[in-house]
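Residue numbering for the sequence shown follows UniProt numbering, beginning at 1 and increasing consecutively.
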Amino acid sequence: MFAPNPEYRAGRDFASTDHLAADAVVAYVDGVLRPDACARVEDHLRLCAACAADIDAQATAAALLRGSCDVSAPSDLVGELSQIPTREYHVRDLDRRSR
């Protein structure tokens, strides 16, 4: 069960005249955007050559990485990543904090 995290700050909404943020480019290339967000990106790409070039560059980089050798991450990376604020708290974590 999850509860809202009052410390989480979402990014501002995307306007079709803005360039795509780097994380949106990566998410689009990785195929992890929701269908509505994917459609907005595709609409924008029809009008913006700069963002289309960013998508092409990211797709090329992703393909090169998929073909490369395995990469290991530092052992403390998972701990550091787990400290990044998220939109929601896990309720069990809140229960542990209140004890």
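Every residue gets a Cβ at the ideal spot worked out from N, C-alpha and C, and that includes glycine.
Query                                                                                                                                                                         : Result
Buried or exposed, going by whether 16 or more other CB atoms sit within 10 Å of the CB of I55?                                                                               : buried
Tell whether a beta-carbon distance below 7 angstroms holds between L45 and C38.                                                                                              : no
Roughly how many whole angstroms lie between the Cα atoms of L47 and A62?                                                                                                     : 24 angstroms
Could you give the distance in angstroms between the alpha-carbon of D36 and the alpha-carbon of Y28?                                                                         : 12 angstroms
Could you give the DSSP three-state label for A21: helix, strand or coil?                                                                                                     : coil
Taking the alpha carbon of A21 as the point to measure from, which residue in S72, V41, R34 and A73 has its own alpha carbon closest?                                         : V41
What are the boundary residues of the alpha helix (DSSP H) that includes L64?                                                                                                 : A49 to R66
Enumerate in chain order the residues of its own chain whose CB-to-CB distance from A59 is below 6 angstroms, with the five nearest sequence positions on each side excluded. : V29
Given this structure, state the Cα-to-Cα distance separating A73 from R66, to the nearest angstrom.                                                                           : 16 angstroms
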